[in-house]
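Okay, structure first, notes after.
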Amino acid sequence: MNRLTLILALAATPALADPDPEALRRLVRQDCGSCHGMTLKGGLGPDIRPASLAHYRRDDLTDVILDGLPGTPMPAWRPLLSKDEAAWIADYLLEGDPE
Amino acid sequence: MTPANLSPNANESRCHSGFHLSRNTPAGGLRARLLALTLAALALCAPALPASAQPTGDLGLVVERASGSLLVVDQSDRASIGRITGLGDLSHASLVYSPDEQFAYVFGRDGGLSKVDILAQTITARVMQAGNSIGGAISDDGRFVAVSNYEPGGVRVFDADTLEMVADIPTGSKTIGLVDIPGTRFVFSLWDTGETWIADLSGETPQITRIKGMGTNPYDALVTGDGRTYIAGLFGEDHLSALDLWQEHPEPQVILPSYAKGREGLPVYKMPHLEGWALAGQDFVLPAMGQHEVLWVDARSLQETGRTTTHGQPVFAISRPDGRYVWVNFAHPLNDTVQVIDSVTKEVIHQFTPGPGVLHMEFTPRGHEVWLSVRDAGKVMVYDTETFEKLGEIAAESPSGIFFTARAHRMGL
Numbered sequence: 001m002n003r004l005t006l007i008l009a010l011a012a013t014p015a016l017a018d019p020d021p022e023a024l025r026r027l028v029r030q031d032c033g034s035c036h037g038m039t040l041k042g043g044l045g046p047d048i049r050p051a052s053l054a055h056y057r058r059d060d061l062t063d064v065i066l067d068g069l070p071g072t073p074m075p076a077w078r079p080l081l082s083k084d085e086a087a088w089i090a091d092y093l094l095e096g097d098p099e
Numbered sequence: 001m002t003p004a005n006l007s008p009n010a011n012e013s014r015c016h017s018g019f020h021l022s023r024n025t026p027a028g029g030l031r032a033r034l035l036a037l038t039l040a041a042l043a044l045c046a047p048a049l050p051a052s053a054q055p056t057g058d059l060g061l062v063v064e065r066a067s068g069s070l071l072v073v074d075q076s077d078r079a080s081i082g083r084i085t086g087l088g089d090l091s092h093a094s095l096v097y098s099p100d101e102q103f104a105y106v107f108g109r110d111g112g113l114s115k116v117d118i119l120a121q122t123i124t125a126r127v128m129q130a131g132n133s134i135g136g137a138i139s140d141d142g143r144f145v146a147v148s149n150y151e152p153g154g155v156r157v158f159d160a161d162t163l164e165m166v167a168d169i170p171t172g173s174k175t176i177g178l179v180d181i182p183g184t185r186f187v188f189s190l191w192d193t194g195e196t197w198i199a200d201l202s203g204e205t206p207q208i209t210r211i212k213g214m215g216t217n218p219y220d221a222l223v224t225g226d227g228r229t230y231i232a233g234l235f236g237e238d239h240l241s242a243l244d245l246w247q248e249h250p251e252p253q254v255i256l257p258s259y260a261k262g263r264e265g266l267p268v269y270k271m272p273h274l275e276g277w278a279l280a281g282q283d284f285v286l287p288a289m290g291q292h293e294v295l296w297v298d299a300r301s302l303q304e305t306g307r308t309t310t311h312g313q314p315v316f317a318i319s320r321p322d323g324r325y326v327w328v329n330f331a332h333p334l335n336d337t338v339q340v341i342d343s344v345t346k347e348v349i350h351q352f353t354p355g356p357g358v359l360h361m362e363f364t365p366r367g368h369e370v371w372l373s374v375r376d377a378g379k380v381m382v383y384d385t386e387t388f389e390k391l392g393e394i395a396a397e398s399p400s401g402i403f404f405t406a407r408a409h410r411m412g413l
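Chains as they are written, first to last, in full-length UniProt numbering: chain A, 1 to 99; chain B, 1 to 413.
Shown next, in the form of structure tokens:
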């Protein structure tokens, strides 16, 4: 269902570039993984597997990714990611990796 | 717990040592080479020698972070000579060596502590000692291995022979920057409370010294090669803190105060690493956090002596073992580039792009080569540190940390 929402959202938004799932999956594992661990179970940053993020709404999580969390080491990814890409990552984190 | 001399892999490494013989034969014409080849062939067929017949001084291990394996590498051959698998989650893994350079203790992110035999290329012991860990150290006498943990926070100390736990030091905080210092002591810092603790394991029970006031959120720390100066990087402060461990009661000293004052802090996508290769000439070189620069302080006074603008936010700023040059890699998304800084002029003298995801750099013990792990190229690349010529590359799966056995004889690595 979320996936469908995402597709609809993407269709409605004239994105500069469609999110590249492979590149974003790699970014999450490797670069978010710098702090959250490659398996996302946490490190210096908290666990960001689906059960730990269950209290987040998708839009709020997208905002956290884009703007960071002031007062914590969570940086703003807006300089590097489009809103669509951040939303894709929010979905990816909330749903978990099917692999 | 496979004895080294029964492992099938051990035979491979011995065959390898046969080829070493031929390579090291002085150039004496065809006859000498034939003799060497014959010796090598004999070595292939000879009854098993004890595993210790292969020297370890020019070996190393490369962490393959995604596959939970270690590549065993031969420094002088610039080649991989085997792989040790089954080590769990090795993202951000590091390792230390036993004093005899035969064993490595591998600290996995998943809390796994593994002891591997680099000659037999096997795991000889493994314990899951915590839920989430971040590096470790081995005591000066080689008797104890300490692991620094995020979850549960604290340090646990293990018998280096058996990996039985000998001390549990809960801290109530994520624990970072664990290093060894003389006197069978370990030093580490507490992310949540800004303290540094010294654990003395020379007696029957660990003696803990707590030093408060290091600053908000220490994220990593180093000890200098002489074991004297412990420097903590601070996420929550615009400075670093240092301790003079030669003092009877070390007091935190602010260094590089307000180094980013008046400048916007950039988003930090990867925390810098502080490692013990910091002395460059008479200065220590340190990566700035949230800035595109490295910072220099006088090694004795700890007063700032300069700054060098860099390509991106530095992750590692590592001094070549002689201190003459400093090599720097960078955080995402500028992590395809490496810069070399002259430690006399403090100017960048060379910049190149080895490939996507340069995660770590390791110098050969006397610094004539540097090995780079280039994660997304799936390669370890070897460069001459004087000419910057590329000398070779080795295939590896998502390589991260590179560790040569010579680390066994250095403090604080």
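All C-beta atoms, glycine included, are put in the ideal place defined by N, C-alpha and C.
The beta carbon of Asn132/B falls within 8 angstroms of a beta carbon belonging to chain A, placing the residue at that interface.
Per DSSP, reduced to three states, the secondary structure at Gly142/B is coil, with no helix or strand assignment. Taking a beta-carbon distance threshold of 8 angstroms, His332/B counts as an interface residue toward chain A. Judged by pairs of C-beta atoms under 8 angstroms, the stretch 100-117 of chain B does not touch the stretch 20-27 of chain A, as fewer than three such pairs exist. Per the C-alpha coordinates, the member of His239/B, Tyr150/B, Val285/B and Trp246/B positioned closest to Leu178/B is Tyr150/B. Taking the beta carbon of Pro314/B as reference, no residue of chain A falls within 8 angstroms; the closest one sits roughly 14 angstroms away. Using a CB distance cut-off of 8 angstroms, Glu151/B counts as an interface residue toward chain A. Within the model, the alpha-carbon separation for Arg78/B versus Ser241/B is close to 39 angstroms.
For Thr39/A, the residues of chain B that pass the 7 angstroms Cβ criterion are Asp89, in the order they occur in the chain.
Looking from the CA of Ala76/A, the closest CA among Met361/B, Lys270/B, Gly281/B and Gln303/B belongs to Lys270/B. At least 8 angstroms separates the beta-carbon of Leu93/A from that of Leu66/A. When DSSP reads this structure, Ala125/B sits in a beta bridge with Lys115/B. For chain A, the residues of the stretch 154-178 of chain B that bring a beta carbon within less than 9 angstroms of one of its beta carbons are Lys174 and Ile176, in chain order. Under the three-state reduction of DSSP output, Ala406/B falls in the helix class. Nearest CB-CB separation between Ala76/A and chain B: below the 8 angstroms threshold. When C-alpha distances from Pro354/B are compared across Val328/B, Ala221/B and Met289/B, the shortest belongs to Val328/B.
When DSSP reads this structure, Met381/B sits in a beta bridge with Leu372/B and Glu393/B. Straight through space, the alpha carbons of Ala396/B and Glu64/B are spaced by roughly 7 angstroms. At a cut-off of 8 angstroms, the C-beta of Pro73/A has a neighbouring C-beta in chain B.
In the DSSP assignment, Pro287/B falls within the beta strand (DSSP E) that extends over Asp283 to Pro287. Residue environment: Gln282/B is assigned as exposed (fewer than 16 neighbouring CB atoms within 10 Å of its CB, all protein chains considered). For His360/B, the nearest beta carbon of chain A is not closer than 8 angstroms to its own beta carbon.
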